[in-house]
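Asks: The structure under discussion is supplied below as structure tokens; questions concerning it will follow.
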Amino acid sequence: MVDGRAGPAVLEFGAPWCGHCVGAQRAIAAAFADHPDVHHLKIEDGRGKPLGRSFRVKLWPTLIFLRDGEEIARLVRPTTQGPIADALDAIDPDSRS
């Protein structure tokens, strides 16, 4: 149960062959550098995969930001670090400088 996890977590839905997913990796990694305690789950999504469907994922990458199992924020096809960092701050407020 990924949505039953205590604390901050991010679900990253995508696929290794997805150009948008590959392109977002630098921004995602940079944003996570300030949030080492946030659990980051990369979930390979695709046709017939029920987890992506249960989270209503339509485009990749989709990042779902959870705190104590509750969705706090969602980003679809992020291209820059700023929005990712803002969403991480929302689920992991203790890490703010």
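Note that our numbering has the sequence shown beginning at 1, numbered continuously upward.
We put the CB at the ideal spot given by N, CA and C, even for glycine.
1. Compute the beta-carbon to beta-carbon distance between Thr62 and Arg74, rounded to the nearest angstrom, for a pair I have assumed lies under 8 Å.
2. Would you kindly report the start and end of the unbroken alpha helix (DSSP H) that includes Ala90?
3. Give, in chain order, every unbroken run of the alpha helix (DSSP H) that is at least 4 residues long and sits entirely within the segment 15–81.
4. Using only alpha-carbon positions, find the residue among Glu44, Cys21, Pro16, Phe32 that is nearest to Gly82.
5. What's the gap between the Cα of Gly23 and the Cα of Pro16?
6. Considering only DSSP beta bridges, list what Ala9 is partnered with.
Replies: The short version:
1. Locating residue 62 in the sequence shown gives position 62, where the first residue counts as 1. Locating residue 74 in the sequence shown gives position 74, where the first residue counts as 1. Contact holds; Cβ gap of about 7 Å.
2. Here residue 90 refers to the residue found at position 90 when the sequence shown is read from its first residue. First-last of the alpha helix (DSSP H) with Ala90: 81–91.
3. DSSP assignment within the segment 15–81 yields the following whole alpha helix (DSSP H) runs of 4 residues or more, N-terminal first: 19–32, 50–54.
4. Walking along the sequence shown from the start, residue 82 turns up at place 82. Among Glu44, Cys21, Pro16, Phe32, the Cα nearest to that of Gly82 belongs to Phe32.
5. Along the sequence shown, read from residue 1 onward, the residue named residue 23 stands at position 23. Along the sequence shown, read from residue 1 onward, the residue named residue 16 stands at position 16. Using only the alpha carbons, I get a separation of about 11 Å.
6. One-based indexing of the sequence shown puts residue 9 at position 9. Its beta-bridge partners are His39, Leu66.
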